[in-house]
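Numbering (mature numbering (1 follows the signal peptide of the UniProt record, and there is no 0)) for the sequence shown: -30 to -1, 1 to 1134. Glycine included, C-beta positions come from ideal geometry on N, C-alpha and C. This structure is a prediction, so every number in the text was calculated from the model and none was measured. Structure first, then comments.
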Amino acid sequence: MKRRAIRGAIAAAVFVCAGIGTCAQSPATAQPGAGASPNATTAVDAPNAAPAISGGKLHGHVKSGTVPLPGVTVTAQNSLTGKKYATTTDVTGAWSLAIPQNGRYVIRTQFAAFAQGAQEALLNTSSHDQAVEFQLMLASRVAQQQQREDAQAGQVSQAIRQLASNGAQALNLVSALTGDTESQGNSGGASGAALPTVAGNSDFSDQSVAISGQSGSVSPLAGVDMDRLRDAMETMRAQGGMNGEGGPGGGLFGGGGFGGGGFGGGGFGGGGFGGGRGGGGRGNFRGFNPGQPHGAIFWMGSNSALNAEPFSLHGQSQQQPASGTNRFGLTFISAPYIPGLTKPSGKDTVFLTLSGSRSSNPLDEYATVPTDAERAGDFSAAGLPAIFDPTTFQQFSSNGVLNVIPGGRISPQAKALVQYFPEPNIPNAVQNYHLLSTAQSNSTQAGIRYMRSIGANASPFGLGGRGGGGGRRAQQSQGLRQSVSSNYNWSHSASDNVNLFPELGGKTAADSYSLQAGYTLGYKKFTNIFNVNWNRSDTNVRNFFTNETDIETQLGILGSNGDPLNASPLNYGLPSVVLSNIAGLNEQQPRVAIQQTISFSETLSWIHGKHNMRFGGDYRRVHNDFLSSSNATGNFTFTGLFTQDSTSDQNTGFSFADFLLGLPQQTALNAAVNKSYLRDNVMDGFLQDDWRWKPSLTLNYGLRYEFFAPYTEKYGRLAEVATNPTQGFTTQTEVQSGQSGLPASLVNPFRKAFAPRVGMAWRVPKVKQMVVRAGFGMNYTVGSYATFAATMAHQPPFANEQTNQEATSNGTPSSSCSQSGNCLTLARGFPAPDAVGNYALDPHFSLPYVQTWNLDVQKTLPWGVVVNVGYNGSKGNHLDIVTAPRALVSSPDTDPPNFLNCTGLPVCYPLNFRFEQAAAFYKFNAGTLRVNKRMSNGVALGANYQYSHAIDNAGVVGGVGGVGAQNWTNLLDEEGNSSIDQRHKVTGTYVYELPFGADKRWVTTGTGSHVLEGFSVSGSFTFGSGTPLTPVFSASQVSVACGTGGTFRPNLTGTPLNLSSGRQWFNPTAFNEPALNSQFPCGTFGNTPRSFFNGPGTVQNNMALSKTMQLGDTRSMEIRATINNAFNTVQYSGVDTNVASPTFGQVTSAASMRSFQFTSRFRF
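Pasting the structure below:
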């Protein structure tokens, strides 16, 4: 009964706080397990009796004054047999129970913050229909001084009881009861002193029986946004409607968040009312002892021995490596005292959290590696292209065998590097190497929080005070309220970075610390919260040579003048090798970084009539110190340029043959000279009003302003390329911080980041149980600022930055250097640092922003079915896009003579550089249909369908760093379906509580009841269409020469695309490489559109079996087994879209097969 009562209360609370943003994703009132509908009848306490031949109907309304109360739990108990029936009120406050037996029934109501109501009704042969009306009052108004003091402990017990049933999830509940909204992980601007954070820690996120947030009857708060819950409940009580003064009419709109981030979560942040909920009757908690410790202990684990064998793309048998996970955690809450010496004061509270994981994660990857013959220079096998000697243009031969490189021509550096390529372990021509391995990872997190209430109104957790009253109404009558809190968190993680080629892996270790302190001051209708926060993280990434072995010098791979390529031991490691036809070497790049943030925030809340207003802001100082580089160990790119015939026939030449000769088409290096010290200042302010205008209409509106100062470097060590995009990039010079009229950040700050947001919720008059919600909001993103600064910190003269090519003066790839013997080689690939860098940024870069809008219509149907029909839309403006400007027919002057790189090379060639600007867009539209059946008779079901379409011209929505357009003069030509565009998607969840045990249908007593009760089966499913894929040349000769690798697309041949042949996802002969324009080689573009075809779709089914055992009022034990991919469905996950790859068009990977996970959780 208690669990069902909780579900009913939560259903109403979630309905109240169904904001504009979240209603478009999951209907707040439609959570399965949220309580029975008004028309549902469920026996909840006593064993079923024989079917009654008489009985009747009990019905009525529950109101506070003139305001109906939704979600109130109503129970009717037979005074003779003890049999009990339960339901909850709908949005009009109505309830109804069908009673099968005659008798006298005691009818009670239970609703948060209200005194319990109780009446009697008699069903007999002359009375089969009884109307029972309830008028509820706030608990504080019926309690005297002593009762209020007891109630303080009672409300703490209520929080602890939720903690016992929800584990660490209830840390948010306790915070909600204290009014400390700043503890919510989704709080935005005014982040304050919080509970020991578990943000990003999945150990504390899976509290539900169901796999995807279905609440069932074990964890009714799982997945509920506690900030919105607290906001809605507190505001509803404060508006006077519950005391007959008009109010929100059942609470149709919950303040706190909507749209993309919302006011409370990622939007306006702030709020909170320390000292909040006071008063109230003792209810079921009169025996609570605040000094008793409470909390939860859990363990989650898995073992590969129980999992299905990984899917083999080539059908070979394979032995999966042993792997598994172990996750553990503890949450603890108590009033501090020393047994036998001191007693709990009732004003102090301590929270402790500890969690960790010890995991071994499986890796299952395929690649094409050189065979033993190819490693020795023998390419005479069938199917391989002809290779030619670049010095004679004759086909290689040895001992009369064509296509064999003589041993004396193989580079010593290549002979050494080839040892790091693994041997083939599958007898295939392609994808002949299969890696089955594991990666170890460990993490530990710990946190402690101390809270103290100050003054005459103090109580445990700051729950109201002796002055009486409940929630915000209490604040209007109370005097001074004060509380302080402090919080410390620590975490450590370490993991293996397993490479496809094992000897090129590495390790990562990170430590994080945070310290927070907050002070809350309230007086009547005003509450002010001030917080100070500090956090720091240290990260260390290394490869197997870092700080130990200068392997490149040992292999003879040197820098200019024969000096070591890297003087700093941090940058030791093997060079990366890119091969256009097969898998290359990809070294782990080392990194040492320290990030630190200090912030101050303040939020003022004011309740004025029907308005609940918030004002606030914060300031953050960000430090980002790092010593790392994107390519510190160097990079060699081989494309087959040097082993083509004299006519440059694309069907001749082989990239690995070029590698053995030691002749790359391009070399690149980016190694930092000094440590970088980036600094940033962030300020924001907001105002928000939650206006309960009419009983059926609520408005929520506000404005947020943010100022993000671009990063500067402590010693002015930032540089970039200054150019003239409006004149076609005809000039190029290197500038440093503060030069050429640019600020120290090299980008002007954006000062117009105003973000308005508005939302409404309207209960449609004269239409039963229909609610309309709508909203609009704006959000700015600043993630690109950090990327800009990190890139500019690694430009000349503050880094050894080199991009060297074998090309003619107009940029055409050329092997002519082989005639003079002055080519770039593995031994001499980095002649001298560039004087001009390779990165330019629009100095007037505007912050990207996204506008979101939505509309949702919700209708509650009989039998607890809720239907939502909605529309979501969004538009992104000023999104990042990166281009590589080069000369072409429409812009012939883009490669002037002063662009030529002549650093130590016999042939000068145009410099490649990337230009980043805010010129892309994104559009998204989606229609949604959601049908959910609330929990009744042990069954809850839900299904969502979404039809959506997303387009953009940014290449990767929100992405920065890589080139996003193949034609820099026509960005609109890049418009296509977004990489996240999933046209159709169906998701669903279900919960079924087995009908065994007390209060159920069968086996209601005895040992069998205890053994079988508490079992439930839950699950989720997802079916979706595939997301778009684009065929590209990742390392063709032209794309390498022009700097458009990864965006240079092929031409369409007219051959049908669809091809159903085993693992072949599409027909590779539908594409070919565009013919080279000899005058403007970088003006060659493929005509294949972006997102030309879709990849594999999604089919996923997960299930869980759980048993919960109640061991008392505050103790329970849960054991759960979860099956991922329950039906062992093969799910393709990767398709090769590299046109030059031998596996182009083939499926290259599959998702995990069936796996098991086990959970045990003890709550006390």
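- Boundaries cannot be given for Glu279, as no beta strand (DSSP E) includes it and DSSP labels it neither H nor E.
- DSSP places Val388 within a helical segment (H, G or I) once states are collapsed to three.
- The segment 1023 to 1041 and the segment 594 to 604 do not touch, with fewer than 3 CB-CB distances between them shorter than 8 Å.
- Taking C-beta atoms as the reference points, Asn1021 and Pro1038 fail to come closer than 7 Å.
- When the five nearest sequence neighbours on each side are left out, the beta carbons in the same chain lying within less than 6 Å of the beta carbon of Ala416 are those of Leu324 and Trp460, in order along the chain.
- Relative to the Cα of Gln80, the nearest Cα in the group Gly73, Phe104 and Val44 belongs to Val44.
- Taking each of Asp466, Asp348 and Val371 in turn and checking the Cα distance to Ser330, the smallest one comes out for Asp466.
- Collapsing the DSSP output to three states places Asn531 in a helix.
- Within the segment 619 to 694, complete alpha helix (DSSP H) segments of at least 4 residues are found at 625 to 631, given in chain order.
- Along the segment 681 to 757, the beta strand (DSSP E) occurs as fully enclosed runs of 3 or more residues at 689 to 693, 702 to 706, 724 to 733 and 740 to 750, listed in sequence order.
- In terms of Cβ geometry, Gln709 and Asp812 do not form a close pair [threshold 7 Å].
- Around the beta carbon of Asn531, fewer than 16 other beta carbons sit within 10 angstroms, so the residue counts as exposed.
- The C-beta distance from Lys829 to Val837 rounds to 5 Å, short enough to meet the 8 Å contact threshold.
- For Val981, the enclosing alpha helix (DSSP H) stretches over residues Gly976 to Leu982.
- Note on the segment 1053 to 1120: there is no whole alpha helix (DSSP H) run with a minimum of 4 residues.
- Around the beta carbon of Val717, 16 or more other beta carbons lie within 10 angstroms, which makes this residue buried.
- Here DSSP, grouped into helix, strand and coil, assigns Met107 to coil.
- Short of 7 Å from the beta carbon of Phe1097, and not among the five residues preceding or following it, lie these beta carbons of its own chain, in chain order: Asn1071.
- Within a 10 Å sphere around the beta-carbon of Arg74 sit fewer than 16 other beta-carbons, which makes this residue exposed.
- Within the DSSP secondary-structure output, Gln486 pairs in a beta bridge with Asn457 and Asn503.
- Cβ-Cβ distances below 6 Å link Gln559 to Ala602 in the same chain, with the five nearest sequence neighbours on each side left out; the list follows chain order.
- Nearest neighbour of Val691 by Cα position, chosen from Gln697, Phe699, Lys664 and Thr703, turns out to be Thr703.
- DSSP places Ala1011 in the uninterrupted alpha helix (DSSP H) bounded by Gln1007 to Cys1012.
- With distances taken between CA atoms, Leu544 lies nearest to Ala386 out of Thr362, Thr1054 and Ala386.
- The Cβ neighbour count for Arg721, taken over all protein chains shown within 10 Å, is under 16; the residue is labelled exposed.
- For Asn621, same chain residues with a beta-carbon under 7 Å away, outside a window of 5 residues either side, are Pro355 in chain order.
- If you look at Asp99, you'll find it in the beta strand (DSSP E) that goes Asp99 to Ala101.
- Per DSSP, Gln80 is one residue of the beta strand (DSSP E) stretching across Gly73 to Gln80.
- For Ala797, the three-state secondary structure derived from DSSP is coil.
- Beta bridge pairing from DSSP links Phe1003 with Phe1018.
- Rounded to whole angstroms, the gap between the alpha carbons of Leu982 and Ile1093 is 21 Å.
- Excluding the 5 residues flanking it on each side, Ser272 has same chain C-beta neighbours closer than 8 Å at Gly294, Thr295, Ser1125, Phe1126, Gln1127 and Phe1128, in chain order.
- If you look at Arg422, you'll find it in the beta strand (DSSP E) that goes Tyr403 to Ile424.
- Taking the C-beta atoms as reference points, Ala266 is found no nearer than 7 Å to Thr319.
- A distance below 6 Å between beta-carbons, with the five flanking residues on each side excluded, links Gln916 to the following residues of its chain, in chain order: Ala896, Thr898 and Lys955.
- Contact annotation: His581 and Trp661 have beta-carbon atoms nearer than 7 Å.
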